[in-house]
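What follows is a short report on a single structure.
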Amino acid sequence: MRQKSLRNIILFLILSVAAGVPQASAHAIIVQSVPARDAVVAGPVIEVSLSYNVRIDATRSRLSLSDPTGAESRIAIATDSAPEKLTATLTDLAAGSYILHWQVLASDGHITRGDIPFTVAP
Ligand SMILES: [Cu+2]
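Printed below as a string of structure tokens:
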């Protein structure tokens, strides 16, 4: 009797862990970006939209931009971004080469990051 309930508890734990596996591996992978990687876009205002495969925590994610001189500055993430998106507006961009850096926190607690180089056309 006692052994049977112990077996049920163990079975429950095994099933719980198994059910948690897909969630545990669901860190954020970027699936689409605007601007696209290596895109040439018109300035001086650029709407940024990064889409991920899972929900992300926008408040604990960050965006920054390296300008043509190499200087990097933090970019404010829009607070009304969809759960699996980061959006922002870049203003006053002169012609030249830029790199958008992103770092996101997914619901599984894992941080992923990447760079998106793009060019603002003269
Ligand atoms: Cu993960």
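Heads up: the sequence shown runs through residues -28 to -1, 1 to 94, numbered per mature numbering (1 follows the signal peptide of the UniProt record, and there is no 0).
For each residue, glycine too, the CB sits at the ideal point set by N, CA and C.
What you are looking at is a predicted structure, and each value in this text was computed from that prediction instead of being measured.
Per the coordinates, the alpha-carbon of S21 lies some 22 Å from the alpha-carbon of P94. A buried status is given to S5, since no fewer than 16 other beta-carbon atoms sit within 10 Å of its beta-carbon. The C-beta distance from D39 to Y70 rounds to 6 Å, short enough to fall under 8 Å. The Cβ atoms of L77 and R32 sit closer than 7 Å to each other. Counting the other CB atoms within 10 Å of its CB gives A(-1) a total of 16 or more, which places it among the buried residues. When only Cα atoms are considered, S36 and D80 end up about 23 Å apart. Proximity to ligand 1 was defined by a C-beta distance below 5 Å to any of its heavy atoms, and the residues meeting it, in sequence along the chain, are H(-2), D80, H82.
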